[in-house]
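Residue numbers for the sequence shown follow our numbering, so the first one is 651 and each next one is one higher.
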Amino acid sequence: MQHQSTNTERRPIRRIVIAGGGTAGWMAAAALSKTLGKNLDIKLIESDEIGTVGVGEATIPTLLTFHSLLELNEQEFMAATNATFKLGISFENWRNVNEDYIHSFGMTGTDHWTAGFQHFWHKGRERRLATDYGDYCLELKAAQERRFAHLPNNGLNYAYHLDASRYAQYLRSFSEKFGTQRIEGKIAEVKTDPVSGDIRSLRLESGDEIEGDLFIDCTGFRSLLIGQTLGVEYENWNHWLFNDSAVAVQTASVSDAVPYTRSIARDAGWQWRIGLQNRVGNGHVFSSRYMDDETATRVLMANVEGEALVQPRVIKFTPGQRKQVWKKNCVAIGLSSGFLEPIESTSIHLIQRGIIRLMQMFPTNGIFQSDIDEYNKQANYEIEHIRDFIILHYKVTNRYDTPYWQACKDLDIPESLRHRIELFRETGRVFRIPNELFAENSWVQVMLGQGIMPLQHHQTADLMGDAELAHFLDSIKSHVHKVAMQLPSHQAYVEQYCRAPM
Ligand code: FAD
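Shown next as structure tokens:
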């Protein structure tokens, strides 16, 4: 009957109400007002009293695409958000205690159409002609050397570390310039139409009532509209992803910010360290099954550098997703739609994808169930692939030293991931599934990094003699080294390019 009720209610969509003003709410407001703003009336409601989740400071390169849609000035944006550059993530103690690797944003080596570079590297390693896999990737080398510069033709792939609160503020002034109207207040009631079940208005504690045609739920973990009001269930993935808690704290900088996120595995989770221009963001993500909040906080505070600038704060979450992220006239974007965990900094990316998808499928002349179904299908597909990539980090490890890591290693994983791991282990092959976020090189870096060494390589690599293979590998490595060493230090580059006002 859902089809019928949506159809009978179909009407043009002009009034957009965004509930929530965290990163999700303001990214949605910025994109909608910049691109479709002339035709729409956009209101955003946020409550200073409730505040935002206050974390989410590491991004991935796709954010550059979002910013180019908005035509943001990078230097201005970086100065306004105390941002630094990010070339990848350093995974420390993940494969085993005292063993590290970097998952970088770059390409490694040069592929042949029959076989990825890992096959040539694998043969080189067998013949003792190859060094670390990372030696053949510019972004990775630059990260290790703590260097950065913009190179022609996007020669260095990067993302940002940014201050989440300042990012929301920055996007707020941007959105207001393009016509978004901000309303401060606490939503006390979500009013629905008794016949169609559509959301009609949001009543604020002040008594004001904000009506709309389309509602975007950006209320964070509360999920006030799609979850609490429309009753869309949450699919819990805690059986695959054990982490359900985090404790976060900001500290003063005591050294130069490095151009990568640090992810340091701990006994029952992992710790992040993100260097901004003015401070460091730290957090300890952990599983409440294996560690309590007090112990997790103690572990974090024993492993930060610099004086704490705020009190450590515990955040609880359930890894998973809403079964539908668009229902009736409500689309959920951000934490209200689901959350995996921050290990690969994919949450802001999913916000951006949700917004872009909505703009591509914008229901100008009314909402069709076929649009809703397609939107939900695409959103589901996207998050499930990211989920598998994240589970990989826990499943494939040589750690077995604590009950948490034992449980991770013994985890029963989704069939889709099991196949990918086996394929790589047995043949060295990796294939990207169309439209999935992580490309071959990410899978290879993490699978090798976490400790899988393929049993064999493609025969194309065997067609090269030792001298030819050595020349091939050495020329890539020396080029990577030469270009990396010519880059300025990350710190010097940030200072001259986008220094934030003190
Ligand atoms: P919130 O920031 O919680 O905003 C919710 C908004 O809704 C607020 O403005 C609030 O005031 C408003 N609101 C709620 N209820 C009401 C009401 N009744 N009335 C009025 N307003 C209301 N993502 C990344 O991409 N990279 C990372 O490194 C990363 N790290 C993370 C670490 C942790 C521990 C966690 C938990 C998340 C992390 N994320 C990360 C995810 C990221 O923080 C979020 O995706 C992002 O901040 C968006 O949050 P949001 O806007 O959906 O929710």
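Ideal Cβ positions, reconstructed from N, Cα and C, are used throughout, including at glycine.
- In chain order, Ala730, Thr731, Asn732 place their CB closer than 8 Å to the CB of Arg816, counting only its own chain and leaving out the 5 sequence neighbours on each side.
- Straight across, the Cα-Cα distance linking Met1103 with Glu944 is about 38 Å.
- Between Leu714 and Met1009, the C-beta spacing is not below 8 Å.
- For Cys1148, the enclosing alpha helix (DSSP H) covers residues 1140-1148.
- Here Cys1058 carries a helix assignment [DSSP, helix/strand/coil].
- Where Gln768 is concerned, the enclosing alpha helix (DSSP H) starts and stops at 767-776.
- Around the beta carbon of Ala838, a 10 Å sphere encloses fewer than 16 other beta carbons of the protein chains shown; the residue is thus reported as exposed.
- Between His753 and Gln1146, the C-beta spacing is not below 8 Å.
- Distances taken from the Cβ of Cys1058 to the heavy atoms of ligand 1 include none shorter than 7 Å.
- According to the DSSP secondary-structure assignment, His811 is paired through a beta bridge with Ala708, Thr734.
- Apart from the 5 residues on each side of it in sequence, Lys973 sits with its Cβ closer than 7 Å to the Cβ of Val882, Glu883, Glu885 in its chain, given in chain order.
- The criterion of a C-beta distance shorter than 8 Å is satisfied by Tyr786 and Ile1126.
- Nearest neighbour of Ala780 by Cα position, chosen from Phe1122, Ala1142, Gln1141, turns out to be Phe1122.
- Here DSSP, grouped into helix, strand and coil, assigns Ser905 to coil.
- Rounded to whole angstroms, the separation of the alpha carbons of Phe1012 and Met757 is 35 Å.
- For Arg912, the CB contacts under 6 Å within the same chain, skipping 5 residues up- and downstream, are Ser740, Arg923 in chain order.
- With fewer than 16 other Cβ atoms inside 10 Å of its own Cβ, Arg1149 counts as exposed.
- In the structure shown, the three-state DSSP call for Tyr910 is coil.
- Take the alpha-carbon of Pro1151 and the one of Lys836: they are about 33 Å apart.
- Distances from the CA of Ile965 to each of Glu696, Ile700, Val705, Ser697 were compared; the closest alpha carbon is that of Val705.
- Contact between Thr1047 and Trp744 holds, with the beta-carbon distance rounding to 6 Å and staying under 8 Å.
- Between Ala799 and Pro1138 a beta carbon distance of about 6 Å is seen, short of the 8 Å cut, so the two are scored as contacting.
- In the DSSP assignment, Trp920 falls within the unbroken beta strand (DSSP E) covering 919-925.
- Within the stretch 812-867, the complete beta strand (DSSP E) runs of at least 3 residues fall at 831-834, 837-842, 849-854, 859-861, 864-867.
- Here Lys978 carries a coil assignment [DSSP, helix/strand/coil].
- Between Thr734 and Pro962, the CB-CB gap reaches or exceeds 8 Å.
- In terms of Cα proximity to Leu1105, the closest of Lys1132, Glu1076, Ala1117, Arg1082 is Glu1076.
- Under the rule that a run must span 3 or more residues, the beta strand (DSSP E) segments found entirely inside the stretch 929-963 read 929-936.
- Membership of Asn886 in any alpha helix (DSSP H) is not indicated; the residue belongs instead to the beta strand (DSSP E) covering 884-886.
- C-alpha of Gln900 to C-alpha of His1108: approximately 47 Å in a straight line.
- By the 16-neighbour rule on beta-carbons within 10 angstroms, Gln794 is buried.
- In the DSSP assignment, Ser1128 falls within the unbroken alpha helix (DSSP H) covering 1116-1136.
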